[in-house]
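K.L.:
The listed protein sequences derive, respectively, from chains A, B and C. The working numbering puts the first residue of the first sequence at 10, with every later residue one more than the last. The working numbering puts the first residue of the second sequence at 110, with every later residue one more than the last. The working numbering puts the first residue of the third sequence at 13, with every later residue one more than the last. Pasting in a structure now, in structure tokens, and then I'll have a few things to ask.
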Amino acid sequence: MSTLAQSQLRETFELNIGPQHPATHGVLRIKVVMDGEYIDRAEPILGYIHRMHEKMGENRTWNQFWPNMGRLDYLSAIAYNHCYAGLVERAMGIVVPERAEYIRVITAELNRIQSHLLGFGAYIMDLGGFTPLMYAMDEREQILDLLESVTGSRLTYCYFRFGGVYNDIDDDFITGTRAFLKRFRPQIPMYHKLVTGNVILMDRLIGVGPVSAELCRKYGATGPVLRGSGVNYDIRRNEPYSVYPELDFDIPVYKECDSMARYMVRMDEMVQSCRIIEQALNKLPEGPVMAEKVPKSLKPPKGDYHYAVEAARGTFSMRTVSDGTNTSYRMRLRSPTYSNVSLFEEASRGMLLSDALAFLGSLDPVIPEMDR
Amino acid sequence: MDRAKIKRELEKLAAEGLPAEQPQEVAPVAVQAEAEGEDKAKAKAKKEEDVPRKNGVIETEYAKRGTHLDVQINPDQVVRATEILDGEGMTLEMVTGVDWIKEGQFEVIYDYSYPGGQLFRVVVRARVDRNKPDVPTVCHIYGGANWHERETWELLGINFVGHPQLEHFLLPEDADFYPLRKDFKP
Amino acid sequence: MGTESIPTAVETAIPPALVQFHQLDQLRMLARANSLWPMTFGLACCAIEMLSSGCARFDLSRFGAEVFRPSPRQSDVMIVAGTVNKKMLPAVKILYDQMPEPKWVIAMGNCAISGGPFAYPGQYNVVEGVDSFLPVDVYIPGCPPRPEALIEGLLELEEKITGHRRWPRVKPETAVKG
């Protein structure tokens, strides 16, 4: 078609998706300019669940800010606990006992499996298959039981403390975790049999939503999105924290850059998390779970500090500016899905609307974490 | 990614931005050594500018700060610094604004990391006058800066010159306040 | 934003009918209470627990309330699961107004009840309690409430609708310790 004819035929209209829409994983709103069935411009609009976390960081003392860490990304809250603990420990120079670090890793990886399971189930539900969600939630409830037995909550964990963890794990937790791993390992091939080989799913995912490594770099996308674009980047490996350097695990990387690659990265990460938990349980040392001499009222020295961890959705990092008082002067939270979804506008141009929603699901956004 | 090259070029850039009326303090090496005594320098500085830290590059200890290079430049040099870091394959992780109300300044902090394997974090900071907070945008270099700058504008009121869409983002469309400013009262 | 022009629920309450059919109404209410259709209206953390309660293990369909509808026009009960902020408030109002009568509201979680952890002096963006603009029937405390709490909340709502409780109330001291 010549450009002249194209411009004459071209007639766009606006479509509003959200903020209350089942396909947007919460209260994300997308303003789409459609050219027929194809997307001309899709602009995500945020802020429908902006909860002032950064302002609260300035108003509350360092200890009072803990509960907020469970409510940012409620699906992988332990990683956020880990980042905040690491940040303040870095600022204060607190050394954490080794047992506490192992417990942190075990709980964080259980939490990551749980998050990917829900991501898997909800993503397939977006694409129209309801059954896998039931399977995924069945496994997920078992992880939640385990985590609840040590942390005391099901979702919004506030388990870590500066200098360790709040509660030691007991033998029931260890045997329960081992039993869970034994049961869960064969489930993943079963999921692949149930879902991944499905022709409809493959048609909807393979080749859809291409995100190149360069696009990821320009937008700061991390996590499974970046690793699905062939970049081997994982904070656990590239910027080692906690006891991850002592554990042997692989970083799943797929070079296809499409939604299927991102889906497969998440599935493979669950297997790797199982490996990490198993090793950490074997290596778990005896000892205290809290550092001694952690002051009640923390006053980190002046200056600014940065800490990054690998959450289930990518790099979560915090930058705090301390002015030497018992509250933070500025608390900046860098949420991974904020950067991951920011490339949606550029990457979804020219896509079919139904494909764009499959693509958005493969970015696995958690909206309260984006809005903060 | 070449660490030494990044450091060299950023040092050169920062040295260009030093005020010309103090020619005896131009050498960036001297600035590095002086940075430890930042607080004393702040107490001394009673000039109209009242800058707590001179422009320059500091190598920070990663285990303590979480960054390797800490660069302070003038706001009009932000785009050039971004081009240097972009050319080396770094990625912009976040943009932070800080309200230094006592000094009458805003600080814009850019965090860079390297996704290629080696661990290298650079933080670039620039200070602007609080009454005229104009910083050039880096959206055209890093697409991801768009949302970060828009958010910083919305929460702190730092004006990113040349930004394609400085509209309300997280707050309601009719919000007429900057909540993260230190003098903000609800 | 024009939020003032949207009439609140209290103003739009339907006046009672001139002729009452009490027995028939009770029968209808019984039918309604046994198949409440909640709206899929997840805002934040509580939405995940709402999802959990509808899935394996908790299985909300035992109580007839598993049909989560994405459209407000097909649902009976709005479960406000999460924090409502000032940008979201007009949308929640519109969604409520789009629901057909009779309709009920459950405030799930501390955020929906009072603003929860985000309510503090000097906050700028969170609506402190959905009961400031919606008529709430059942409050479910918790941050987030467990799925069992949501189920109990729905049973409370049933009791409110029909006037009697369908399922025996479990006393905490007699509950089986698992």
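C-beta: ideal position from N, C-alpha, C; glycine also. Quick caveat, the model's predicted, so the values are computed rather than measured.
#1: Three or more beta-carbon pairs under 8 Å between the stretch 330-337 of chain A and the stretch 226-234 of chain A, yes or no?
#2: For a quick check, are the C-beta atoms of Thr-174 (chain C) and Leu-42 (chain C) less than 8 Å apart?
#3: What three-state label does DSSP hand Asp-313 (chain A) in the structure shown?
#4: Within the continuous alpha helix (DSSP H) that includes Glu-23 (chain A), where are the two ends?
#5: Which residues in chain A sit within 8 Å of Val-74 (chain B), going by Cβ to Cβ distance?
#6: At which residue ranges does the stretch 214-288 of chain B contain complete alpha helix (DSSP H) runs of 4 or more residues, listed in the order of the chain?
#7: Looking only at its own chain, which residues have a Cβ that is under 6 Å from the Cβ of Arg-230 (chain B), when we skip the five neighbours before and after it?
#8: To the nearest angstrom, how far is the alpha carbon of Asn-97 (chain C) from that of Met-273 (chain A)?
#9: So, for Gly-312 (chain A): in the same chain, excluding its five sequence neighbours on each side, which residues have a beta-carbon less than 7 Å away from its beta-carbon?
#10: Would Asn-68 (chain A) pass as an interface residue toward chain C - the criterion being a Cβ-Cβ separation below 8 Å?
#11: Going by alpha carbons, who is nearest to Tyr-31 (chain A) out of C:Pro-82, C:Asp-88, C:Ser-144 and C:Pro-112?
#12: Mind checking whether Leu-166 (chain C) and Leu-48 (chain C) have CB atoms under 8 Å apart?
#13: Taking Cβ positions only, does Leu-279 (chain B) come closer than 8 Å to chain A?
#14: How would you list, in chain order, the residues of chain C whose beta-carbon sits under 9 Å from the beta-carbon of Asp-147 (chain A)?
#15: Could you compute how far the alpha carbon of Gln-35 (chain C) sits from the alpha carbon of Cys-57 (chain C)?
#16: Do the CB positions of Thr-246 (chain B) and Glu-258 (chain B) come within less than 8 Å of each other?
#17: Answer with yes or no whether the minimum CB distance from Lys-172 (chain C) to chain A is below 8 Å.
#18: Buried or exposed: where does Ser-124 (chain A) fall if 16 or more other Cβ atoms within 10 Å of its Cβ makes it buried?
#19: Helix, strand or coil for Pro-374 (chain A) per DSSP?
#20: Would you report the Cα separation of Pro-297 (chain A) and Ile-103 (chain A), rounded to the nearest angstrom?
#21: Use the C-beta contact count for Glu-202 (chain B): other C-beta atoms within 10 angstroms, 16 or more gives buried, fewer gives exposed.
#22: What is the DSSP secondary structure of Pro-50 (chain C), reduced to helix, strand or coil?
#23: Less than 7 Å between C-beta atoms, sequence neighbours within five positions excluded: which residues of the same chain meet that for Phe-286 (chain B)?
#24: Please list, in chain order, all residues of the same chain as Ala-365 (chain A) whose beta carbon is under 7 Å from its beta carbon, the five residues on each side excluded.
#25: So, Ser-87 (chain C) versus Pro-133 (chain C), is the Cβ gap smaller than 8 Å?
#26: Could you pull out every unbroken beta strand (DSSP E) segment of at least 3 residues lying fully inside the stretch 179-228 of chain A, listed in chain order?
#27: State the DSSP-derived secondary structure class of Leu-361 (chain A), mapped to helix, strand or coil.
#28: What does the Cβ neighbour count give for Phe-182 (chain A), buried or exposed, with the cut at 16 atoms within 10 Å?
#29: How many Å lie between Glu-171 (chain C) and Gly-66 (chain C) at the Cα?
#30: One question on the structure: do Ala-86 (chain A) and Val-318 (chain A) come within less than 8 Å of each other, judged by their Cβ atoms?
#31: Please return the same chain residues whose Cβ sits closer than 7 Å to the Cβ of Asp-267 (chain A), not counting the five positions on each side in sequence.
#32: Counting only beta-carbon separations shorter than 8 Å, does Met-62 (chain C) have a partner in chain A?
#33: In terms of residues, what are the limits of the alpha helix (DSSP H) holding Ile-182 (chain B)?
#34: With DSSP as the reference, identify every bridge partner of Val-92 (chain C), one or two as the case may be.
#35: Taking contact to mean at least 3 C-beta pairs separated by less than 8 Å, is the stretch 162-177 of chain A in contact with the stretch 105-117 of chain A?
#36: Per DSSP, what kind of secondary structure is Leu-256 (chain A) in: helix, strand or coil?
P.N.:
Let me spell this out:
#1: no
#2: Your numbering for residue 174 (chain C) matches position 162 in the third sequence. Your numbering for residue 42 (chain C) matches position 30 in the third sequence. A contact, by the Cβ cut-off of 8 Å.
#3: Mapped onto the first sequence, residue 313 (chain A) falls at position 304. Asp-313 (chain A) falls in the strand class under three-state DSSP.
#4: Residue 23 (chain A) sits at position 14 when you count from the first residue of the first sequence. No alpha helix (DSSP H) holds Glu-23 (chain A); the beta strand (DSSP E) holding it covers 21-26.
#5: Residue 74 (chain B) lies beyond the residue range present for chain B, which begins at 110 and ends at 295; the question has no answer from this structure.
#6: 254-265
#7: Counting from 1 along the second sequence, the entry for residue 230 (chain B) is found at position 121. For Arg-230 (chain B), where only same-chain residues beyond five positions count, the Cβ hits under 6 Å are Thr-176, His-177 and Ser-222.
#8: Mapped onto the third sequence, residue 97 (chain C) falls at position 85. Mapped onto the first sequence, residue 273 (chain A) falls at position 264. Cα-Cα distance, rounded: 36 Å.
#9: Your numbering for residue 312 (chain A) matches position 303 in the first sequence. Around Gly-312 (chain A): Ser-331.
#10: Within the first sequence, numbered from 1, the residue matching residue 68 (chain A) stands at position 59. With 8 Å as the cut-off, Asn-68 (chain A) counts as an interface residue toward chain C.
#11: Here residue 31 (chain A) corresponds to residue number 22 of the first sequence, with the count starting at 1. Just to set this straight, residue 31 (chain A) is Pro in the shown sequence, not Tyr. Looking at the Cα atoms, C:Pro-82 is the closest of the given residues.
#12: Stepping through the third sequence from its first residue, residue 166 (chain C) is reached at position 154. Stepping through the third sequence from its first residue, residue 48 (chain C) is reached at position 36. Taking 8 Å as the Cβ cut-off, Leu-166 (chain C) and Leu-48 (chain C) qualify as a contacting pair.
#13: The count along the second sequence starts at 1 and reaches residue 279 (chain B) at position 170. Answer yes: the Cβ-Cβ gap between Leu-279 (chain B) and chain A drops below 8 Å somewhere.
#14: Along the first sequence, one-based indexing puts residue 147 (chain A) at 138. The contacting residues are Cys-67, Ala-68 and Arg-69.
#15: Here residue 35 (chain C) refers to the residue found at position 23 when the third sequence is read from its first residue. Here residue 57 (chain C) refers to the residue found at position 45 when the third sequence is read from its first residue. Their backbone Cα atoms lie some 41 Å apart in a straight line.
#16: On the second sequence, position 137 is the one that residue 246 (chain B) refers to. On the second sequence, position 149 is the one that residue 258 (chain B) refers to. Yes, Cβ-Cβ distance for Thr-246 (chain B) and Glu-258 (chain B) is below 8 Å.
#17: Within the third sequence, residue 172 (chain C) is the residue found at index 160, counting from 1. It does not; no Cβ of chain A falls within 8 Å.
#18: To locate residue 124 (chain A), count along the first sequence from 1; it is residue 115. Label assigned to Ser-124 (chain A): buried.
#19: Locating residue 374 (chain A) in the first sequence gives position 365, counting from the first residue. Coil at Pro-374 (chain A), not helix or strand.
#20: Indexing the first sequence from 1 puts residue 297 (chain A) at position 288. Indexing the first sequence from 1 puts residue 103 (chain A) at position 94. Cα-Cα distance, rounded: 14 Å.
#21: If you number the second sequence from 1, residue 202 (chain B) lands on position 93. With 16 or more other Cβ atoms within 10 Å, it is buried.
#22: To locate residue 50 (chain C), count along the third sequence from 1; it is residue 38. If DSSP states are grouped into helix, strand and coil, Pro-50 (chain C) belongs with the strands.
#23: Walking along the second sequence from the start, residue 286 (chain B) turns up at place 177. So the qualifying residues of the chain are Phe-293.
#24: Taking the first residue of the first sequence as position 1, residue 365 (chain A) is located at position 356. Closer than 7 Å at Cβ, skipping near neighbours: Ile-48, Ala-51 and Ser-357.
#25: One-based indexing of the third sequence puts residue 87 (chain C) at position 75. One-based indexing of the third sequence puts residue 133 (chain C) at position 121. No.
#26: none
#27: What you label residue 361 (chain A) is simply residue 352 of the first sequence in a count that begins at 1. Three-state result, Leu-361 (chain A): strand.
#28: Residue 182 (chain A) sits at position 173 when you count from the first residue of the first sequence. Phe-182 (chain A) comes out buried.
#29: For the purposes of this step, residue 171 (chain C) is taken as the residue at position 159 of the third sequence. For the purposes of this step, residue 66 (chain C) is taken as the residue at position 54 of the third sequence. Each residue's Cα considered, the two are about 20 Å apart.
#30: The residue you call residue 86 (chain A) lines up with position 77 of the first sequence. The residue you call residue 318 (chain A) lines up with position 309 of the first sequence. Against a cut-off of 8 Å, the Cβ pair of Val-318 (chain A) and Ala-86 (chain A) comes out as no contact.
#31: Translated into positions along the first sequence, residue 267 (chain A) becomes position 258. The answer, listed in chain order, is Leu-214, Ile-215, Gly-216, Val-217, Gly-218 and Pro-219.
#32: Residue numbering aside, residue 62 (chain C) sits at position 50 when the third sequence is read from its first letter. Judged by the 8 Å Cβ criterion, Met-62 (chain C) is not in contact with chain A.
#33: Here residue 182 (chain B) is taken as the residue at index 73 of the second sequence, counted from 1. First-last for Ile-182 (chain B): 178-182, but that is the beta strand (DSSP E), not the alpha helix (DSSP H).
#34: Walking along the third sequence from the start, residue 92 (chain C) turns up at place 80. In DSSP, Val-92 (chain C) forms a bridge with C:Ala-119.
#35: yes
#36: Counted from its first residue, the first sequence places residue 256 (chain A) at position 247. Coil at Leu-256 (chain A), not helix or strand.
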